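With full-length UniProt numbering as the guide, the letters of the sequence shown map in order to residues 1 to 186.
Here a beta-carbon is modelled for each residue, glycine too, at the ideal position from N, C-alpha and C.
Just so you know, these numbers come straight off a predicted model, no measurement behind them.
Notes to accompany the following structure.
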Amino acid sequence: MADTPILRAATPSDMPALADTFISGVNLSIPGRKLGEEFYALERDIAPGEPGVSDPGKLWTRFQEQFEKEHIWLAETDGRVVGYISWYDPTWSEEAGHKPGEITYLFVHPSFHGRGIGKKLLSHAKQHVEAGVNDLTGEALLEVRCFVKNPAGLKLYERGGFVRKHGADEFHERVGEYLALLVWSK
C-alpha cells in the first residue's frame, strides 16, 4: 500500500466512491449514531436516474450540484478513494462585502483514519484559498461547521489552525444535534 495518498480534483466518474466515503464518514460524525445509514441508501441515492422513468438519487443530485459550484478534491491510495474535501472559495463584492469560504465536507474513510489524510486534504484547501485571495480584501477566510459531538473532527480543524467561535453553535434540525462554527484566517 502506498504511504502517501495522491490528491487530485474529483470528476463526476468518482461519484460512487465519493458517496461511499461520504456515507461511511457521516456514520462517524456523531459517536453512537450511523447518520449515513439513517439518511441514505448508497445504491438508491447514487443512481443517476432515467429521464421520464426515475428521478436521480439525492446523493447523485448533491454531488452534481457540488461539481457545478465547489472545489472537490480527493485523496487516493493505490487507486482507491480514501477521503475527500469540498469547499467554496471566499468572495467579495461591494454590496455584500467579504464572505468567507466554506468547507462543506471533509471525510476520510474509516479504514484510513490516523494516517494524516484529513490533515493533508485540509492543508490543500487552505493553500488553495490563500493563493486565490482577492487583492481587495487581503484576507483568506474559511469556515466549517462540525458536530459538537464529533471530538475527532473538532480536533482536526483546531490542529489545522481553525478557531471555534463559541456562542455561534447552530442546531441541525434534521439530525437533532448542534454544529460548532470554526474559522480559519490567514
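Can you look up residue i in the DSSP assignment and give me helix, strand or coil?
| i | result |
| --- | --- |
| I30 | coil |
| G153 | helix |
| G25 | helix |
| T61 | helix |
| P5 | coil |
| D14 | helix |
| L136 | Any reading at L136 is ruled out, since the residue's pLDDT is 49, under 50, leaving its predicted position unreliable. |
When DSSP builds the beta bridges, which residues end up paired with residue i?
| i | result |
| --- | --- |
| A19 | Beta-bridge pairing links A19 to no other residue. |
| T77 | R80 |
| T91 | K99 |
| V183 | E143, V163 |
| S86 | I72, Y105 |
| E177 | H172 |
Could you check where the alpha helix (DSSP H) with residue i kicks off and where it finishes?
| i | result |
| --- | --- |
| S123 | 117-131 |
Within the continuous beta strand (DSSP E) that includes residue i, where are the two ends?
| i | result |
| --- | --- |
| R145 | 141-147 |
| H172 | 170-172 |
| A10 | First-last for A10: undefined, no H or E at that position. |
Since residue i and residue j should fall inside the 8 Å C-beta cutoff, what is the C-beta to C-beta distance between them, to a whole number of angstroms?
| i | j | result |
| --- | --- | --- |
| L121 | W184 | At roughly 14 Å, the Cβ-Cβ gap does not stay under 8 Å, so L121 and W184 are not in contact. |
| V144 | I103 | 4 Å |
| D78 | G132 | Actually they do not touch by this definition, with Cβ atoms about 31 Å apart. |
| P5 | A75 | 4 Å |
| E177 | I72 | About 25 Å separates the two Cβ atoms, so there is no contact after all. |
| L179 | V163 | Rounded, the Cβ-Cβ distance is 15 Å, inconsistent with contact. |
| L18 | V81 | 7 Å |
For the ligand COA, is there a heavy atom less than 6 Å away from the beta-carbon of residue i?
| i | result |
| --- | --- |
| Q127 | Only the bare structure without any ligand can be found here, which leaves the ligand COA out of the picture. |
Original post:
Contact between the segment 108-125 and the segment 15-35: three or more CB pairs below 8 Å?
Top reply: With three or more CB-CB distances shorter than 8 Å, the segment 108-125 counts as touching the segment 15-35.
Original post:
Do the segment 165-172 and the segment 121-132 meet, that is, are 3 or more Cβ pairs less than 8 Å apart?
Top reply: The count of Cβ pairs closer than 8 Å, one atom from the segment 165-172 and one from the segment 121-132, stays below three, leaving the stretches out of contact.
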